[in-house]
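In the working numbering, each residue carries its 1-based index in the first sequence increased by 16.
See structure below.
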Amino acid sequence: MLNFNEIEKKWQNYWQEHHCFEAVTGDKSRTPYYILVEFPYPSGAGLHVGHVRSYTAQDVLARVKRMQGYNVLFPMGWDAFGAPAEQYAIKNHIHPKDAVKANIHTFKAQMQSLGFSFDWDREFSTTDPEYYKWTQWQFLQFYKHGMAYKAKKDVNWCPTCKSVLSNEDAAGGVCERCGSKVVQKEKEQWMLRMSDYAEDLIKGLDDTHFADRVKLGQINWIGKSTGAEIDFTVQETGDKLTVYTTRCDTLFGVTFMVLAPEHPILEKLSSLITNMDEVRKYQEFAKSKSAFERTEVNKDKTGVKLEGITVLNPITNKAVEVFISDYVMMGYGTGAIMAVPAHDQRDYEFAKKFGVPIVQVIEGGDLSREAYTGDGKMINSGFLNGFTNKKDSIKKMLGYLKEKGIGREKVNYRLQDWIFSRQRFWGEPIPMIYCEKCGWQPMKEEDLPLLLPDVAEYEPTDTGESPLAKITDWVNTTCPCCGCPAKRETDTMPNWAGSSWYFLRFMDPHNDKEFASMDALKYWQKVNWYNGGMEHTARHLLYARFWVQFLYNIGLVPNKEMIDIRVSHGMVLGPDNQKMSKSKGNVINPDDIVREYGADTLRTYEMFMGDYQQDVPWSTESLRGCKRFLDKVERLSKKVNDKDGFSEGLVVLQNKTIKAVGDNLSRMSYNTYISSLMILTNAYDDLEEITKEDYHLLLTLLNPVAPHMTEELNEALGYEPLCYAKWPTYDEKYLVEKEKEIAVQVNGKVRATIMISVDDSEDVIKEKAMKAENVIRHISGKEIVKVIVIKGKIVNIVVK
RNA sequence: GCCUGCGUGGCGGAAUUGGUAGACGCGCUGGACUCAAAAUCCAGUGUUAGCGAUAACGUGUCGGUUCGAGUCCGACCGCAGGCACCA
């Protein structure tokens, strides 16, 4: 038996020394093909068997594409800014830079031990100044094109720790560190105008080949809704108060209005509102709650009625009461809604609690129990009476509103602008400077990168500012505009920033003049195939697409969508079918498996374990089965004779297998790819001897998933290394079988099988079917109604 | 609540457009080799009945379309993930 630890090293060294996996930018003799797998966050835990699954899948693809003659770009790098490295550094009192360096070292060694065919010449980390220089440069482009702005935004704030918390740290509305209640605090933050791109981000999906579930994830996140804005009037002042609704057909059923507690009109009307004290108290109450609590569903409706204020329904001219309640969000629509308690569940609950009348305008349901949201005949609705469906009613109402100038069609998106500031140390410094005279000024591009300074403490400050705020040497600078003393922005960029464009950098990773040259970008065009985790299909992908679309709009990248196929892999669960976690003690470490069974076995098993896009539990038993399979392939070497060509009896199966493997791989059915090769291996094993060429074919087909041992066995045969081999092709003529067994059914039940030949006419097949012994038994004495013959597939005899 | 995906042997899973359900692997049972074990090889393995040929049942449940349904349609149940007071 081969010593897998030895041969794995041998071939890993060979590939590296001979630059077998180097992508060549600009090579016109081959078609470029860019295969990408999400670069990992190099945590202290090391590589997870889940990483191995997606890396192997893409590695198989990369190796096949190379053998098919493509110029394959298959890069790897590190996404190393962000909270985990910072937390680790705080706990262990080491610089995050050093922690990251050590973790990258571990990750890289692990990846190399698995034989992935990455082009390591293109490796970089998002924390390299040579890289984040360009992240900062791109931020400046956002700023210069009016796409970055500062705005006051609520952040999660722990009053005990005096610290800004990420949504993860504030999960459940409680500070993860000290357990106190998290509140909202306003802070000035940098924002990117992502909501401007909502429509383009939906439309752009048509130019991609993302998996359907990935596309849907994007669409849901953007949350497009089509409705109308309707202008109401404050009776006392004549002020216009606009609401957004998707159900303008129910306008006759409006019995009150609800404003978000932060709605700006409240200040304007404060002199008229007689219970302003109560209003302010409620505003405080709403603010004291975390985003989590406020959006918690199924809680009781709360709110305050605005005394002294009423608004006029523009269509009935009747006055209705106005409330504020935290179930209306300032960030969506107009921050004001027309409430139709008869036909909206939330409005219904509110009306019941506050004793507001309920007016039914659509027939149906039982309004003593719940709001009726279905379709029905319109009633109590003036000119809409008698309409029977939503679609028509909405159309009619919209026409009326437009004609009278009191409303208009309006599309809204759930997608908000991207909060781009973090009050953290371990991130890209935002290259902006504040000058008392000139306001916010961008740094000069030639002064980039703005390096992170060395600090002793990484904890956020008492004021919630980034630890950078304490480094006065760093903070104090001069204004790039007027030269006066000025201060640097101390917030850093979010973790998502560096990962939003890293795939572009891989196309031209050593460029120190540009983030990537247009030549390189045009040569590679786009990522042909991108795999990653389910957890990133919504946000990471959306940020990356937004970033790219912006770069496209300012002429810096050649395509509006730079990712073509996107597929998300399922998780590798523990043997207990639970998510792997230290606390559950069900973690499988890939290093242990490589040591005990070899990299080829681990790779093969991870491809064989199940549907790539589905979660699968780990099974060491099944892993051993894959080891047995590879051992069997190895043992076949003893059967190799010195005859030329392929063994006659194997040709049909060999051609079938080449076709099957190609089909399997093209639809990412890695498990059936392996099983096809198991079938071929078993067929070889049934023979006394096989030819060199037979064996070489099997080794070539198996090479993408088990590259080390196949290289070794192939070398022993005297062939050139498989990393230079051509992918085999099949000949159609061997796929047509002269003889075939098909089933014969009587009344849909299989009763016999018969052998047919390709030349058999329908009548001959029919005759053969009727003569089958067990068929005779089932049709004798019965009337034959009809006989269905599907050539090459099945015969069905229908009897009575 | 909404959206998405998934329910097939003891287990992981096959079945590409409706056409022999359970490929391939694991596990298990029996046998060969061995002093013994490991490794390997051979045979069997959906359930029930039968020595057997074979028969009945069988892809979450109920119903439908069809000569024929794991696959298509309708209703429901269960599991997983995502979004969530979005007007």
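For every residue, glycine included, the Cβ atom is placed at its ideal position computed from N, Cα and C.
So residue i is in the beta strand (DSSP E); what residue range does that whole segment cover?
{"i": "L257", "result": "256 to 261"}
{"i": "V274", "result": "272 to 275"}
{"i": "I813", "result": "810 to 815"}
{"i": "G324", "result": "320 to 328"}
{"i": "C822", "result": "With the chain covering 17 to 816 only, the question about residue 822 has no answer from this structure."}
{"i": "V491", "result": "Looking at the DSSP string, V491 is not in any beta strand (DSSP E); the run it does join, the alpha helix (DSSP H), is 488 to 491."}
{"i": "R640", "result": "Element bounds for R640: not the beta strand (DSSP E) but the alpha helix (DSSP H), 636 to 651."}
{"i": "F339", "result": "335 to 340"}
{"i": "E757", "result": "755 to 762"}
{"i": "T769", "result": "765 to 773"}
Ends of the alpha helix (DSSP H) at residue i?
{"i": "Q126", "result": "112 to 129"}
{"i": "S682", "result": "667 to 682"}
{"i": "V80", "result": "65 to 83"}
{"i": "H556", "result": "555 to 569"}
{"i": "Q205", "result": "That residue, Q205, is in no alpha helix (DSSP H); its beta strand (DSSP E) goes 199 to 208."}
{"i": "S409", "result": "406 to 420"}
{"i": "Y613", "result": "606 to 613"}
{"i": "I690", "result": "686 to 701"}
{"i": "M725", "result": "723 to 733"}
{"i": "I800", "result": "No alpha helix (DSSP H) holds I800; the beta strand (DSSP E) holding it covers 800 to 806."}
{"i": "L715", "result": "708 to 718"}
{"i": "I218", "result": "214 to 219"}
{"i": "V356", "result": "Counting along the chain, V356 falls outside any alpha helix (DSSP H), and DSSP gives it neither H nor E."}
{"i": "V88", "result": "Premise fails: V88 lies in the beta strand (DSSP E), 87 to 89, not in any alpha helix (DSSP H)."}
Near residue i, which residues of its chain fall below 7 Å by C-beta distance, leaving aside the five closest residues on each side in sequence?
{"i": "W206", "result": "A164, K166, F436, S437, I446, D507"}
{"i": "R128", "result": "Inspection of the sequence shows that residue 128 is occupied by Gln rather than by Arg. Answer for Q128: Q28, listed in chain order."}
{"i": "L466", "result": "Q152, P445, P447, M459"}
{"i": "S638", "result": "Y621, M625"}
{"i": "P483", "result": "F441, V471, E473, Y474, E475, P476, T477"}
{"i": "L713", "result": "Q670, P744"}
{"i": "P817", "result": "Look at the range of the chain in this structure, 17 to 816, and you will see that residue 817 is not part of it."}
Going by DSSP, what residues sit across from residue i in a beta bridge?
{"i": "I781", "result": "The partner list for I781 (beta bridge, DSSP) is empty, contrary to what the question assumes."}
{"i": "R582", "result": "F226, Y546"}
{"i": "E425", "result": "A244"}
{"i": "C451", "result": "G455"}
{"i": "M394", "result": "I378"}
{"i": "K438", "result": "Residue 438 is actually Arg in this sequence, not Lys. Per DSSP, T508."}
{"i": "W94", "result": "S141"}
{"i": "I51", "result": "W545"}
{"i": "T249", "result": "K256, L328"}
{"i": "L367", "result": "It should be noted that the sequence gives Ala, not Leu, for residue 367. A367 is not bridged to any residue."}
Starting from the C-beta of residue i, find all residues in its chain whose C-beta is less than 8 Å away, skip the five residues before and the five after it, and write them out in chain order.
{"i": "T326", "result": "V250, Q251, E252, A335, V336, E337, V338"}
{"i": "V811", "result": "I758, A759, V760, Q761, I770, I781, K782, A785, V803, I804, V805"}
{"i": "E386", "result": "Q361, Y364"}
{"i": "N108", "result": "A115"}
{"i": "M345", "result": "A276, G351"}
{"i": "K595", "result": "M587, L589"}
{"i": "W173", "result": "S179, V180, L181, V198, V199, Q200, K201, G480"}
Please return the same chain residues whose Cβ sits closer than 6 Å to the Cβ of residue i, not counting the five positions on each side in sequence.
{"i": "F403", "result": "M394, S409"}
{"i": "N719", "result": "T726, L738"}
{"i": "R430", "result": "G239"}
{"i": "T258", "result": "E245, D247, T350"}
{"i": "R296", "result": "none"}
{"i": "F20", "result": "G614"}
Touching or not, the segment 97 to 107 and the segment 740 to 747, by the rule of three or more beta carbon pairs under 8 Å?
-> Here the segment 97 to 107 makes no contact with the segment 740 to 747; the two share fewer than three CB pairs at distances below 8 Å.
Using 8 Å as the threshold, is the segment 704 to 712 in touch with the segment 594 to 607, meaning 3 or more CB pairs across them?
-> Note that the segment 704 to 712 does not touch the segment 594 to 607; fewer than 3 beta-carbon pairs, one per stretch, sit closer than 8 Å.
Do the segment 522 to 537 and the segment 492 to 504 make contact, defined as three or more Cβ pairs closer than 8 Å?
-> Flag = no, the segment 522 to 537 and the segment 492 to 504 do not touch.
Tell me, please, whether the segment 551 to 564 touches the segment 88 to 96 by the rule of three or more beta-carbon pairs shorter than 8 Å.
-> In short, these stretches do not touch, since the Cβ pair count stays below three.
Looking at C-beta atoms only, is the number of pairs between the segment 443 to 461 and the segment 508 to 519 that lie closer than 8 Å three or more?
-> These segments touch.
Contact between the segment 54 to 69 and the segment 583 to 598: three or more CB pairs below 8 Å?
-> With the cut-off at 8 Å, the segment 54 to 69 and the segment 583 to 598 touch.
Count the CB pairs spanning the segment 232 to 247 and the segment 255 to 270 that are closer than 8 Å, and state whether there are at least three.
-> Using a Cβ-Cβ distance cut-off of 8 Å, the segment 232 to 247 and the segment 255 to 270 are in contact, since at least three pairs of beta carbons, one from each stretch, lie closer than that value.
Can you list, in chain order, the stretches of the alpha helix (DSSP H) that have 4 or more residues and sit fully within the segment 467 to 519?
-> Those alpha helix (DSSP H) runs which fall completely within the segment 467 to 519 and span 4+ residues are 488 to 491, 511 to 514.
Is there contact between the segment 549 to 559 and the segment 222 to 233, where contact requires at least three CB pairs shorter than 8 Å?
-> The segment 549 to 559, when compared against the segment 222 to 233, does touch it at the 8 Å Cβ threshold.
Do the segment 519 to 530 and the segment 208 to 222 meet, that is, are 3 or more Cβ pairs less than 8 Å apart?
-> With contact defined as three or more Cβ pairs closer than 8 Å, the segment 519 to 530 and the segment 208 to 222 are not in contact.
Which runs of the beta strand (DSSP E), 3 residues or longer, sit entirely within the segment 264 to 303?
-> Listed in chain order, the complete beta strand (DSSP E) runs (minimum 3 residues) inside the segment 264 to 303 are 272 to 275.
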